[in-house]
Amino acid sequence: MLTRRIIPCLDVKAGRVVKGIKFRDHRDAGDPVEMAAFYNREGADELVFYDITASSDNRAIMRDVVERTARQIFIPLTVGGGLRTVEDMQNMLQAGADKVSINTAAVLNPKLITDGAKRFGSQCIVLGMDTQRIPGSNPLWWEVFTHTGADGGRGTGLDAVEWAIKAVELGAGEIVVNSIDADGTQAGYDLELLRAISERVNVPVVASGGAGTPNDFFKALIDGKADAVLAASIFHYRTYSIRDVKEFLADKGIPVRLETIKR
Amino acid sequence: MIAIIDYGAGNLHSVANAIANLGYKSIITGKQNEILDAQVVILPGVGAAADAMASLHNAGIVDVIRRIVQENRPFLCICIGLQVLLSVSEEGGEQKCLGVIPGRVIKLPEGIKVPHIGWNQVKQLKPHPVFAGIPDNTNFYFVHSYYAVPDNNIAVIGTTDYGVSFCSVLTQGKIVAAQFHPEKSGTWGLKFYDNFLKMAGEHRGFS
Numbered sequence: 001m002l003t004r005r006i007i008p009c010l011d012v013k014a015g016r017v018v019k020g021i022k023f024r025d026h027r028d029a030g031d032p033v034e035m036a037a038f039y040n041r042e043g044a045d046e047l048v049f050y051d052i053t054a055s056s057d058n059r060a061i062m063r064d065v066v067e068r069t070a071r072q073i074f075i076p077l078t079v080g081g082g083l084r085t086v087e088d089m090q091n092m093l094q095a096g097a098d099k100v101s102i103n104t105a106a107v108l109n110p111k112l113i114t115d116g117a118k119r120f121g122s123q124c125i126v127l128g129m130d131t132q133r134i135p136g137s138n139p140l141w142w143e144v145f146t147h148t149g150a151d152g153g154r155g156t157g158l159d160a161v162e163w164a165i166k167a168v169e170l171g172a173g174e175i176v177v178n179s180i181d182a183d184g185t186q187a188g189y190d191l192e193l194l195r196a197i198s199e200r201v202n203v204p205v206v207a208s209g210g211a212g213t214p215n216d217f218f219k220a221l222i223d224g225k226a227d228a229v230l231a232a233s234i235f236h237y238r239t240y241s242i243r244d245v246k247e248f249l250a251d252k253g254i255p256v257r258l259e260t261i262k263r
Numbered sequence: 264m265i266a267i268i269d270y271g272a273g274n275l276h277s278v279a280n281a282i283a284n285l286g287y288k289s290i291i292t293g294k295q296n297e298i299l300d301a302q303v304v305i306l307p308g309v310g311a312a313a314d315a316m317a318s319l320h321n322a323g324i325v326d327v328i329r330r331i332v333q334e335n336r337p338f339l340c341i342c343i344g345l346q347v348l349l350s351v352s353e354e355g356g357e358q359k360c361l362g363v364i365p366g367r368v369i370k371l372p373e374g375i376k377v378p379h380i381g382w383n384q385v386k387q388l389k390p391h392p393v394f395a396g397i398p399d400n401t402n403f404y405f406v407h408s409y410y411a412v413p414d415n416n417i418a419v420i421g422t423t424d425y426g427v428s429f430c431s432v433l434t435q436g437k438i439v440a441a442q443f444h445p446e447k448s449g450t451w452g453l454k455f456y457d458n459f460l461k462m463a464g465e466h467r468g469f470s
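Chains as they are written, first to last, in this note's numbering: chain A, 1 to 263; chain B, 264 to 470.
Structure representation (structure tokens):
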């Protein structure tokens with residue numbers, strides 16, 4: 001049986017892992033390669049690096065971080081942030097990434113999803129969606145935001161559910177659904193948003209933004225119907241370990257990978 | 264020496280990194296003579312069968328692979344590397360593949376999410392040196408939409424359940440092929456490589 005993936009996310013700014021709240025006020029949280037190794041030992045099923053500055057200077061730093069990580073960590077690695085072209089994707093894949101995640105560039109140029117999928121396969125192309133709930137909307141909807149590496153980001157007017165469906169048609173092999181409202185709050189995932197998307201697409205959906213307790217992961221998988229869960233603050237600040245979360249889920253009957261990480 | 268076949272597919276470096284971490288030396292090469300000079304050959308791969316076959320043809324590697332198989336040399340095939348061993352793949356129509364192992368490659372069934380992405384258990388159907396020290400039902404990392412159905416079950420030594428029970432490890436002579444990515448399967452994935460390389464008679468050589 002396919003296990004549910006627990007994925008720590010490392011936001012990287014100028015070669016350091018940082019963590020903010022609602023995409024602002026970033027604090028230093030550690031060295032990316034050391035943290036990647038730590039999470040690997042803890043039983044992470046996958047790792048995500050987001051380059052949240054994504055200037056051209058930092059691209060070289062990010063490539064180096066990915067290369068060093070890939071030499072010592074043997075679990076899947078996704079890299080996102082500021083990737084604009086198929087060449088940008090290839091650069092990260094050659095450095096050792098297994099998947100690339102795109103948001104802003106996909107909105108500005110949806111063909112990039114198709115071009116990337118044709119070149120590297122759909123399994124390689126992750127649509128990372130940054131979304132915000134539209135307060136008081138009826139029916140309820142969520143707007144897609146771009147340029148979220150900069151404080152705040154920009155609204156696009158795109159409906160998150162419609163955009164997810166479209167992206168899958170274009171060739172995206174996985175969707176990370178990130179709630180800007182919930183990001184860093186540790187108040188729980190946006191379950192309605194997750195369910196709205198999970199029920200409409202046939203590729204894996206990864207919940208992101210808002211994990212505060214192991215039960216939040218459980219709810220994202222059951223109520224939100226997510227296939228995998230991504231989190232940052234809860235792990236970075238050692239509130240709970242990955243193992244704590246996995247043991248909690250296993251107790252509730254959710255299949256997780258619990259093999260001890262020893263050699 | 265271990266040769267990792269470079270035919271333009273991705274994830275070659277992941278395989279090289281995993282092997283280097285175990286202390287073995289390898290080269291990534293698309294040159295026929297270098298592949299044939301190696302004692303052990305690895306065919307990695309991600310993506311689609313049609314692209315992989317086209318790339319193998321373009322790189323002039325199809326005949327090299329046939330010779331490796333004919334001479335029963337240690338040959339490890341990963342993911343799409345496994346799929347191209349079969350006769351035909353249904354991915355993108357009817358794609359003629361290498362036909363080393365008679366059978367077809369077909370799409371995962373309807374009603375489940377495709378691609379199959381994530382960690383899933385490999386049930387060991389028979390003992391084999393490549394499984395040495397790896398517990399039955401250990402999780403390995405999968406990323407694929409199609410799976411192999413060999414005509415003859417004798418080649419199948421591991422299966423995995425995802426909507427269907429499919430062949431996740433097969434072997435024939437000194438060929439070992441895995442649908443999952445051992446280079447992305449943590450400690451047990453590295454053990455899988457180590458087992459194969461030991462079987463193949465490779466010795467760790469730190470340089």
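No residue lacks a Cβ here, since even glycine has one placed at the ideal position from N, Cα and C.
What does B:N458 touch in chain A if you count any residue whose Cβ is under 9 Å from its own? Here residue 458 of chain B refers to the residue found at position 195 of the second sequence. Here the premise fails: no neighbours, minimum Cβ distance about 14 Å.
Near A:A106, what residues of its chain come up, given a Cβ to Cβ distance below 7 Å and the 5 sequence neighbours on each side ignored? As a working note, residue 106 of chain A is residue 106 in the first sequence. These residues qualify, in order along the chain: L112, I113, L127 and A167.
Could you give the first and the last residue of the continuous beta strand (DSSP E) run that contains A:P8? Here residue 8 of chain A corresponds to residue number 8 of the first sequence, with the count starting at 1. It spans R5 to K13 - the beta strand (DSSP E) in which A:P8 sits, taken as one unbroken run.
Cβ pair B:V327, B:Q295 closer than 8 Å: Numbered from 1 along the second sequence, position 64 holds the residue referred to as residue 327 of chain B. Numbered from 1 along the second sequence, position 32 holds the residue referred to as residue 295 of chain B. Contact flag set, yes.
For B:A311, go through chain A and note every residue whose CB falls closer than 8 Å to its CB, in chain order. For the purposes of this step, residue 311 of chain B is taken as residue 48 along the second sequence, with counting starting at 1. Result: G121.
Comparing alpha-carbon positions, which option in B:T422, B:G356, B:Y404 and B:G436 lies nearest B:V255? Absent from the model: residue 255 of chain B. The displayed extent of chain B is 264 to 470, so no value can be given.
Quick one: residues in its chain with C-beta nearer than 8 Å to the C-beta of A:V201, no 5 flanking neighbours on either side, listed in chain order? Mapped onto the first sequence, residue 201 of chain A falls at position 201. Shown here for A:V201: same chain residues with a beta carbon closer than 8 Å to its own, the five before and five after excluded, namely A164, I165, V168 and I175 in chain order.
Once the 5 residues before and after A:D227 are set aside, which same chain residues still bring their CB inside 6 Å of it? Taking the first sequence and counting its residues from 1, one reaches residue 227 of chain A at position 227. Non-local C-beta neighbours of A:D227 in its own chain, meaning closer than 6 Å and more than five positions away in sequence, comprise P204 and V205, ordered along the chain.
Between A:C124 and chain B, is there a C-beta pair that is closer than 8 Å? As a first step, residue 124 of chain A is located in the first sequence; it is residue number 124 there, counting from the start. Judged by the 8 Å Cβ criterion, A:C124 is in contact with chain B.
Which listed residue (B:L345, B:Y404 and B:P445) has its alpha carbon closest to that of B:Y425: Position 162 of the second sequence, counting from 1, holds the residue named residue 425 of chain B. Residue B:Y404 is the option with its Cα nearest to B:Y425.
Could you check what DSSP says for A:M1 in three-state terms: helix, strand or coil? In the first sequence, counting from the first residue as 1, residue 1 of chain A sits at position 1. In the structure shown, A:M1 sits in coil (DSSP, three-state: anything other than H, G, I, E or B).
To which residues of the same chain is A:D159 closer than 8 Å at the C-beta, ignoring the five residues directly before and after it? Your numbering for residue 159 of chain A matches position 159 in the first sequence. W141, W142, E143 and V144.
At 9 Å on the CB atoms, spell out the chain B contacts of A:M1, in chain order. Against the first sequence, residue 1 of chain A aligns to sequence position 1. Near A:M1 (Cβ distances below 9 Å), the residues of chain B are N383, Q384, D424 and Y425.
Inspect the beta-carbon positions of A:E199 and A:K225 and report whether they are closer than 8 Å. For this step, residue 199 of chain A is matched to residue 199 along the first sequence. For this step, residue 225 of chain A is matched to residue 225 along the first sequence. Their beta carbons are under 8 Å apart, which means A:E199 touches A:K225 by this criterion.
Quick check: what's the CA-CA separation for A:M62 versus A:I242? Within the first sequence, the letter at position 62 stands for residue 62 of chain A. Within the first sequence, the letter at position 242 stands for residue 242 of chain A. If you take the alpha carbons of A:M62 and A:I242, they lie about 25 Å apart.
By alpha-carbon positions, which one of B:Y270, B:G362, B:V325 and B:V304 ends up nearest to B:Y456? The count along the second sequence starts at 1 and reaches residue 456 of chain B at position 193. Selection B:Y270, B:G362, B:V325 and B:V304 evaluated against B:Y456 yields B:V304 as nearest (Cα-Cα).
What did DSSP end up calling A:S137 once you bin it into helix, strand or coil? As a working mapping, residue 137 of chain A is identified with position 137 in the first sequence. DSSP places A:S137 in coil when its eight states are reduced to three.
Which chain A residues sit within Cβ distance under 8 Å of B:K376? The sequence position of residue 376 of chain B within the second sequence is 113, counting from 1. Neighbours of B:K376 in chain A, taken as residues whose beta carbon is under 8 Å from its own, are N202, V203, P204 and D227 in chain order.
Under 8 Å between C-beta atoms, does B:E446 make it to chain A? Along the second sequence, read from residue 1 onward, the residue named residue 446 of chain B stands at position 183. Interface residue (Cβ-Cβ distance to chain A less than 8 Å): B:E446 is classified as such.
Check the C-beta distance from A:D28 over to A:A232 and give it rounded, since I have them as a contact under 8 Å. To locate residue 28 of chain A, count along the first sequence from 1; it is residue 28. To locate residue 232 of chain A, count along the first sequence from 1; it is residue 232. Contact between A:D28 and A:A232 is absent: CB atoms are separated by about 13 Å, not below the 8 Å threshold.
Please confirm whether B:S470 has its beta-carbon closer than 8 Å to some beta-carbon of chain A. Looking up residue 470 of chain B in the second sequence gives position 207. Here B:S470 scores only 39 on pLDDT, less than 50, and its place in the model should not be relied on; the value that follows carries that caveat. The Cβ of B:S470 sits no closer than 8 Å to any Cβ of chain A.
B:E357 beta carbon less than 8 Å from that of B:V368: Translated into the one-based positions of the second sequence, residue 368 of chain B becomes position 105. Translated into the one-based positions of the second sequence, residue 357 of chain B becomes position 94. No.
Per DSSP, which residues does B:L339 bridge with? Please list them. On the second sequence, residue 339 of chain B is found 76 positions in, with the first residue counted as 1. Note: B:L339 sits in a beta bridge opposite B:I305 and B:V439.
Span of the beta strand (DSSP E) around B:R367: Residue 367 of chain B sits at position 104 when you count from the first residue of the second sequence. Per DSSP, the continuous beta strand (DSSP E) segment holding B:R367 begins and ends at G366 to K370.
Using a beta-carbon distance below 8 Å, is B:G453 in contact with chain A? The residue labelled residue 453 of chain B in the question sits at position 190 within the second sequence. What sits at residue 453 of chain B in the sequence shown is Leu, not Gly. Chain A places a beta carbon closer than 8 Å to that of B:L453, counting this residue as a contact.
Any non-hydrogen atom of the ligand COA within 7 Å of A:L127 CB: This structure does not include the ligand COA; it has no bound ligands of any sort.
Among the candidates B:G452, B:H466, B:A283 and B:I267, whose CA atom is the shortest distance from the CA of B:A395? By 1-based counting over the second sequence, the position of residue 395 of chain B is 132. Residue nearest to B:A395 within the set B:G452, B:H466, B:A283 and B:I267 is B:G452 (criterion: CA-CA distance).
Which two residues bound the contiguous alpha helix (DSSP H) that contains A:D98? Reading the first sequence from its first residue, position 98 is the one you call residue 98 of chain A. Careful: A:D98 lies outside any alpha helix (DSSP H) and carries neither H nor E.
Quick one: Cα of A:C9 to Cα of A:G80, how far? Against the first sequence, residue 9 of chain A aligns to sequence position 9. Against the first sequence, residue 80 of chain A aligns to sequence position 80. Taking the straight line from one Cα to the other gives about 11 Å.
Between which two residues does the alpha helix (DSSP H) harbouring B:F459 extend? As a working mapping, residue 459 of chain B is identified with position 196 in the second sequence. From DSSP, the alpha helix (DSSP H) with B:F459 extends over G449 to M462.
In the DSSP assignment, find the alpha helix (DSSP H) that holds B:V385 and state where it starts and stops. For the purposes of this step, residue 385 of chain B is taken as residue 122 along the second sequence, with counting starting at 1. Per DSSP, B:V385 is not a residue of any alpha helix (DSSP H); the beta strand (DSSP E) it occupies stretches across H379 to Q387.
Against B:A281, what residues of chain A qualify as contacts under a CB-to-CB distance less than 9 Å, listed in chain order? Walking along the second sequence from the start, residue 281 of chain B turns up at place 18. For B:A281, the chain A residues whose C-beta falls within less than 9 Å of its own C-beta are F74, listed in chain order.
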